[in-house]
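A.B. asks:
Protein chains in written order, with this note's numbering: chain S, 650 to 785; chain X, 650 to 785; chain W, 650 to 785; chain F, 650 to 785.
1) Which chain F residues are close to residue 718(W), counting only those with a beta carbon under 8 Å from its beta carbon?
2) Kindly indicate if chain S contains any beta-carbon less than 8 Å away from that of residue 672(X).
3) So which residues on chain X does residue 661(S) lean against when the C-beta distance must stay under 7 Å?
4) For the ligand ATP, I want to know if residue 717(X) counts as a neighbour, meaning its beta carbon is within less than 7 Å of at least one of the ligand's heavy atoms.
5) Which ranges does the alpha helix (DSSP H) cover as unbroken runs of at least 4 residues, wholly within the region 671-757 of chain X, from first to last along the chain?
6) Could you check where the alpha helix (DSSP H) with residue 656(S) kicks off and where it finishes?
7) Does any CB atom of chain W fall closer than 8 Å to the CB of residue 793(X)?
8) Taking beta-carbon pairs under 7 Å, can you tell me which members of the region 729-752 of chain X lie near chain S?
9) Taking 8 Å as the CB-CB limit, is residue 694(S) close to chain F?
10) Just to confirm, are residue 776(W) and residue 683(S) a CB contact at a threshold of 8 Å?
11) Identify, in the order they occur along the chain, each residue of the same chain with its Cβ nearer than 7 Å to the Cβ of residue 702(S), setting aside the five sequence neighbours on each side.
12) Pull the bridge partners of residue 760(S) from the DSSP assignment, please.
13) Is there at least one Cβ from chain X nearer than 8 Å to residue 683(F)'s Cβ?
14) Since residue 754(W) and residue 704(W) are thought to touch, with beta carbons under 8 Å apart, how far apart are those beta carbons, to the nearest angstrom?
15) What separation, rounded to the nearest whole angstrom, lies between the Cα atoms of residue 766(W) and residue 760(W)?
16) Can the beta-carbon of residue 724(X) be found closer than 8 Å to that of residue 711(X)?
17) Report all residues from its chain with a CB closer than 8 Å to the CB of residue 718(W); omit the five preceding and five following residues, and keep chain order.
18) Measuring CA to CA, which of 656(X), 655(X), 783(X), 665(X) is closest to residue 727(X)?
19) Any Cβ of chain F within less than 8 Å of the Cβ of residue 711(S)?
20) Assuming the contact rule is C-beta atoms closer than 8 Å, residue 655(X) and residue 722(X) should be a hit. Round their C-beta distance to whole Å, please.
21) Ordered along the chain, which non-local residues of its own chain (more than five positions away) have a Cβ less than 8 Å from that of residue 716(F)?
22) Decide if residue 768(F) is buried, meaning its Cβ has at least 16 other Cβ atoms within 10 Å, or exposed.
23) Compare the C-beta of residue 690(S) against all C-beta atoms of chain A and say whether one is closer than 8 Å.
24) If distances are taken between C-alpha atoms only, which option among 652(S), 714(S), 694(S) comes closest to residue 744(S)?
25) Sorted by chain position, which residues of the same chain lie with C-beta nearer than 7 Å to residue 778(X)'s C-beta, five sequence neighbours on each side aside?
26) Which chain F residues sit within Cβ distance under 7 Å of residue 680(X)?
27) Which stretch, first to last residue, makes up the alpha helix (DSSP H) that contains residue 776(X)?
28) Out of curiosity, what's the CA-to-CA distance linking residue 678(X) and residue 652(X)?
29) For residue 669(F), which beta-bridge partners are listed by DSSP?
30) From residue 687(X) to residue 674(X), what does the alpha carbon distance come to, in whole angstroms?
31) List the residues of chain F whose Cβ lies closer than 8 Å to the Cβ of residue 705(S), in chain order.
32) Taking the straight line between their C-alpha atoms, what separation do you get for residue 772(X) and residue 693(X)?
33) Distance, Cα to Cα, residue 763(F) vs residue 699(X)?
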């Protein structure tokens, strides 16, 4: 399953180089990830009742700048998953069809005491939705 | 009591106008407010054990731009206080001695259930420190 | 003319109090202001060809917290204007119909040398659109 | 050459998980990078007179959370460089001596028309400082 999110860069996200600052892209990835979980049928508000999706690693590759006034399409999908981890991948395309950025985020599942958990055991419903969203 | 904080604007805080974005100043006010509480002898980490200092109002007046590379001096002091509220005022001066911005933040004290509380009753130590910091 | 903008608070915009940080609201105001100019028929990208809309003052009043997962409606309108200045006002309502925040931003028009200009003279088209958008 | 920067996490940088949001670390890397260039003898303000240091890639690995109230030490150094590119690496240690995060940023040199340039040709002084800073 691929989930697409329209991104309108905000003025505040520009920097004095006249482009969107590189630190903004992981924020957009998060917006895409949140929407992915909504579409998957298990929104963040539900996840955060007894779990956290902690970030282990972020990578982001910048091919061309984004600018204020652009309309971007962010695509989010699951790259891989296990009972304890999940990795998302992202791609951002601008209004000219150019891939301007892509990246990944790796996460582990934590309980409310910040301990890693096996969600296949603790939350099989969520685990099955992830499996389904990855295969589709 | 006036507490001064040196601010080095961050590159990410610039926008495509080539100046520091106006939304950053309330963040700097918060940095000043946190340092004020440290100097007053009651750091935020201690406040947040059983209280929150919720924001009721922010005002910020912009007289001249700040730029990346500037070295700014932020001055923080208490403007007024009561048993349930506190108001801070701020002034930012650049390396040329120019006042570039000033503003205020109004707050009320909340307990952990987000209910307003009388800190003169609930935490007289903190209330006395505020009284002292205002008179000094 | 009133322009409404749907705001979905971002996860990154929360703080450890569990609510949206107060510094985010001026950013949302800007998103509303940008959309206002789009609807008015004079987008920011066109404004910024030879002008800047510098911020002189921001006020923001917080009545109730916003949270991640909320769906907010931001209303933006012109409060007052002259040949050299413009003031916008904003109101944010949550999904329960509660006004959680309102505020204002005051601006002046600058040319590319950061000098104040009379837009009724320099750009009568823009000035007329502002007049129209205020009366409607 | 290794340059160390003290980081006091800001309240605004926390999220509702009670920790510093993962998108903040690339901002801290930039603070370290700016200080590195200052120490190297070629500050960003000088670089940006005729060059830009565009970001090509960011990676960030999160080993343990940072919290408001922590005092962090960020170490910045050059990992590799050529006539057209430069890669920095970063490490963040908390007050308990724990490495909580490390990462890299890759950059290329652009002129004011956003075209890649060979700085060994265009700016040998800067290139020599980079060489020296890498060897030291």
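The beta carbon of each residue, even a glycine, is placed where N, CA and C say it ideally should be.
C.D. replies: Reading off the structure:
1) Residues of chain F passing the Cβ test: none, with the nearest at roughly 10 Å.
2) Judged by the 8 Å Cβ criterion, residue 672(X) is in contact with chain S.
3) Here the neighbours are 664, 670, 672.
4) This structure does not include the ligand ATP; it has no bound ligands of any sort.
5) At a cut-off of 4 residues, the continuous stretches assigned as alpha helix (DSSP H) that sit fully inside the region 671-757 of chain X are 674-689, 693-699.
6) No alpha helix (DSSP H) holds residue 656(S); the beta strand (DSSP E) holding it covers 652-656.
7) Here chain X has residues from 650 to 785 only, and residue 793(X) is not among them.
8) In summary, no residue of the region 729-752 of chain X has a CB separated from any CB of chain S by less than 7 Å.
9) Taking CB atoms only, residue 694(S) has no neighbour in chain F less than 8 Å away.
10) In terms of Cβ geometry, residue 776(W) and residue 683(S) do not form a close pair [threshold 8 Å].
11) Only 696, 756, 758 meet the Cβ criterion.
12) When DSSP reads this structure, residue 760(S) sits in a beta bridge with 700(S).
13) Contact of residue 683(F) with chain X is assigned, a C-beta pair being separated by under 8 Å.
14) That pair is a contact at about 6 Å.
15) Taking the CA atoms as reference points, residue 766(W) sits about 6 Å from residue 760(W).
16) The answer is no: Cβ separation not under 8 Å.
17) Cβ within range, chain order: 658.
18) With distances taken between Cα atoms, residue 727(X) lies closest to 783(X).
19) At least one beta carbon of chain F lies nearer than 8 Å to the beta carbon of residue 711(S).
20) With a Cβ gap of about 6 Å, residue 655(X) and residue 722(X) count as contacting.
21) Excluding residues within five positions, the ones whose Cβ falls inside 8 Å are 658, 663, 667, 668, 669.
22) By the 16-neighbour rule on beta-carbons within 10 angstroms, residue 768(F) is buried.
23) The structure shown contains no chain A; its protein chains are S, X, W and F.
24) Ranking 652(S), 714(S), 694(S) by Cα distance to residue 744(S) puts 714(S) first.
25) Only 689, 690, 691 meet the Cβ criterion.
26) Simply 659.
27) Run containing residue 776(X): 773-784, per the alpha helix (DSSP H) assignment.
28) Here the C-alpha atom of residue 678(X) lies approximately 11 Å from the C-alpha atom of residue 652(X).
29) Among the bridge pairs identified by DSSP, residue 669(F) is matched with 663(F).
30) Whole-angstrom Cα-Cα distance: 20 Å.
31) The answer, in chain order, is 710, 711.
32) C-alpha separation (whole angstroms): 14 Å.
33) Using only the alpha carbons, I get a separation of about 52 Å.
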